[in-house]
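Trainee: My structure is below; once you've seen it, I'll send some questions.
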Amino acid sequence: MEEVKLGFIGTGGMAGAHMNNLKNFDDVKFVAMCDISEDRAKQRAEEFGGNAYSDYQQMYDSEELDAVYICTPPFAHGQQEIMACQEGIAMFIEKPIACELDTAIIVNDHVEKSGVITSVGYHWRYGGNAQHAKAELEKETQILGALGYWMGGMPGVPWWRVRAQSGGQHVEQTTHIFDLARFVLGDAKLVHGVASSGSMTDIPNYDVDDISMVNIEFESGAVANIVSCCAMESWGRVYLEVFCRGVVATIGGSNTIRRKDQEEELGSSGGQDRDRVFIDAVKMGDSSGILSPYSDALKTLHVMLAASTSFQTGKAVDL
Ligand SMILES: NC(=O)c1ccc[n+]([C@@H]2O[C@H](COP(=O)([O-])OP(=O)(O)OC[C@H]3O[C@@H](n4cnc5c(N)ncnc54)[C@H](O)[C@@H]3O)[C@@H](O)[C@H]2O)c1
């Protein structure tokens, strides 16, 4: 395949970021832009090329696509992924893959049966800093644990502050940190969390948690605590700090690796462009370079949704 024919479902902010990156690739052609907002789909088609659709069924019926970027909000996932599997179309899906586990499990069954190539937008995994930290941490005999944070303000998209549409901050945003923790520390086995709200009563349609803290026990025996807070007006903290006896790696934030009497920057070289990796995988029919296939992103979703359950029940959830 010389040229990858691409469709988009959901042509909002994040889709635009992918389009602006992909337009620089000479082996990609924008074929279809689909959004329930007809105007938005048309605007993207005018700017980047392709035909505009407001119905993805119609798009799949009318176009010959090699791959589709699914950049809808968390609540809108499901059927468009299943149809892509039925049509044998590769998928790049923005994180989180859903905000309900059942939807993601059904889609994963279709992905596994169809064998289509999938990649999920956990781009932190591709960063040179994360790759460097992971390589250094793998030399240590044991990772003790990690502290992770996504603390700051709220993104502007209106669905974000509605729990039924985004899943809340830990599902929609801090998911990058949960996923990075899994990337470095391995699979989780037990999740317990607490959450609090009440400071954002002036924000219309807001029903997500202002702050939450999630404890995770990993299969390796390592432990982590991950904090989400979207109520900070003028302060922020977004990183994962990983602790071993002789080493502390901070991925994001200061981007450093510290040893006794020695601090080194986590380099950004060696990082990869997740769009390039996906397009290459589609062209070669080889998914081995993809660091976040759908089945793995499902495991990350499971951790966040276990936390949601724990916020409500007060009990730990065994994965
Ligand atoms: N990887 C990252 O760092 C990153 C950053 C920002 C957003 N995201 C993710 O990207 C996704 C989209 O976020 P966004 O900021 O672009 O939101 P957005 O609101 O700007 O865009 C979403 C678009 O999807 C459209 N849409 C909704 N339901 C649809 C449906 N059923 N069919 C077709 N179109 C539909 C909306 O009309 C809208 O244009 C979210 O999952 C978000 O978490 C990822």
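The sequence shown: position 159 = 365 (our numbering), numbered continuously. All C-beta atoms in this analysis are idealised placements derived from N, C-alpha and C, irrespective of residue type, glycine included. Here the structure is a predicted model, which is why all the values come from computation and not from measurement.
Suppose the cutoff is 7 Å on Cβ atoms and the five residues either side in sequence are ignored; what does the same chain contact list for residue 310 look like?
Mentor: Same-chain partners within the cutoff: 303, 304, 504, 507.
Trainee: Tell me the rounded alpha-carbon separation between residue 215 and residue 319.
Mentor: Rounded to whole angstroms, residue 215 to residue 319 spans 22 Å at the Cα level.
Trainee: Nearer than 8 Å: is that true of the beta carbon of residue 258 relative to any heavy atom of ligand 1?
Mentor: No, the Cβ of residue 258 stays beyond 8 Å of every heavy atom of ligand 1.
Trainee: Is it true that the CB of residue 473 sits closer than 9 Å to the CB of residue 400?
Mentor: No; because the gap between Cβ atoms is not below 9 Å, this pair is not in contact.
Trainee: If the criterion is Cβ atoms closer than 9 Å, does the pair residue 275 and residue 298 meet it?
Mentor: Yes; because the gap between Cβ atoms is below 9 Å, this pair is in contact.
Trainee: Could you check if residue 470 is buried or exposed, using at least 16 other CB atoms within 10 Å of its CB as the buried criterion?
Mentor: It is exposed - the Cβ of residue 470 has fewer than 16 other Cβ atoms within 10 Å.
Trainee: Quick one: which unbroken alpha helix (DSSP H) runs of 4-plus residues sit fully inside the region 327-399? Chain order, please.
Mentor: Taking only runs of at least 4 residues, the alpha helix (DSSP H) segments lying wholly in the region 327-399 are 334-343, 369-372, 375-378, 381-391.
Trainee: Select from 386, 271, 254, 258 the residue whose C-alpha is nearest the C-alpha of residue 243.
Mentor: Minimum Cα distance to residue 243 is reached at 258.
Trainee: Can you give the beta carbon distance from residue 431 to residue 511, rounded, assuming they're within the 8 Å contact cut?
Mentor: The Cβ separation is near 18 Å, so there is no contact.
Trainee: Quick check: what's the CA-CA separation for residue 220 versus residue 434?
Mentor: About 21 Å.
Trainee: Do residue 390 and residue 423 have their CB atoms nearer than 9 Å?
Mentor: No, they are not a contact pair.
Trainee: Identify, in the order they occur along the chain, each residue of the same chain with its Cβ nearer than 6 Å to the Cβ of residue 383, setting aside the five sequence neighbours on each side.
Mentor: Here the set comprises 354, 356, 432, 446.
Trainee: Give me, in chain order, the residues of the same chain whose beta-carbon lies closer than 6 Å to that of residue 456; leave out the 5 immediate sequence neighbours on both sides.
Mentor: The residues are 445, 447, 462.
Trainee: Expressed to the nearest angstrom, what Euclidean distance is found between the alpha-carbon atoms of residue 212 and residue 236?
Mentor: Going from the Cα of residue 212 to the Cα of residue 236 covers about 5 Å.
Trainee: Quick one: what's residue 406 bridged to in DSSP?
Mentor: In the DSSP output, where bridge partners are listed per residue, residue 406 has none listed.
Trainee: Using a 10 Å radius around the Cβ and a threshold of 16 neighbouring Cβ atoms, would you call residue 246 buried or exposed?
Mentor: The residue in question, residue 246, is buried, as its Cβ has 16 or more Cβ neighbours within 10 Å.
Trainee: What residue does the alpha helix (DSSP H) around residue 246 start on, and which one ends it?
Mentor: First-last of the alpha helix (DSSP H) with residue 246: 244-254.
Trainee: Going by beta carbon distance, what residues of the same chain come within less than 8 Å of residue 395, once the five residues before and after it are set aside?
Mentor: Counting only Cβ-Cβ distances below 8 Å, and skipping sequence neighbours, we find 423, 424, 425, 524, 525.
Trainee: Can you list, in chain order, the residues of its chain whose CB lies under 7 Å from that of residue 376, leaving out five sequence neighbours each side?
Mentor: So the list reads 418, 420, 434, 510, 513, once near-sequence residues are dropped.
Trainee: Helix, strand or coil: which one does DSSP assign to residue 293?
Mentor: Reduced to three states, the DSSP call for residue 293 is helix.
Trainee: When we look at the beta-carbon of residue 441 and count the other beta-carbons within 10 Å, is it buried (16 or more) or exposed?
Mentor: Result: exposed.
Trainee: Since residue 444 is in the alpha helix (DSSP H), which residue starts that stretch and which ends it?
Mentor: Not the alpha helix (DSSP H): residue 444 falls in the beta strand (DSSP E), residues 443-450.
Trainee: Can the beta-carbon of residue 351 be found closer than 9 Å to that of residue 429?
Mentor: For residue 351 and residue 429, yes; Cβs fall inside 9 Å.
Trainee: Kindly confirm or deny that the region 361-374 and the region 474-486 touch, where touching means at least three C-beta pairs closer than 8 Å.
Mentor: They do not touch, by the three-pair rule.
Trainee: Would you mind reading off the limits of the alpha helix (DSSP H) that contains residue 266?
Mentor: That run of the alpha helix (DSSP H) goes 262-268.
Trainee: Counting only the same chain and skipping the five closest in sequence on each side, list residues whose C-beta sits under 6 Å from that of residue 207.
Mentor: The residues are 489.
Trainee: For my contact list, residue 369 and residue 411 are in at a C-beta cut-off of 8 Å; report their separation, rounded to the angstrom.
Mentor: No, residue 369 and residue 411 are not in contact; Cβ-Cβ is about 10 Å, not under 8 Å.
Trainee: Regarding residue 223 and ligand 1, is the C-beta to nearest heavy atom distance less than 8 Å?
Mentor: True, at least one ligand heavy atom lies under 8 Å from that Cβ.
Trainee: Please report the distance separating the alpha-carbon of residue 460 from that of residue 341.
Mentor: Straight-line Cα distance between these residues: approximately 18 Å.
Trainee: For residue 437 and residue 416, which I take to be in contact (beta-carbon distance under 8 Å), what is that distance rounded to the nearest angstrom?
Mentor: Contact holds; Cβ gap of about 4 Å.
Trainee: Span of the beta strand (DSSP E) holding residue 610?
Mentor: Nothing can be reported for residue 610, as the shown portion of the chain is limited to 207 through 525.
Trainee: How would you write the range of the beta strand (DSSP E) that residue 453 sits in, first residue to last?
Mentor: Note, residue 453: premise wrong, no beta strand (DSSP E); not H, not E.
Trainee: According to DSSP, is residue 278 part of a helix, a strand, or is it coil?
Mentor: Coil, per DSSP.
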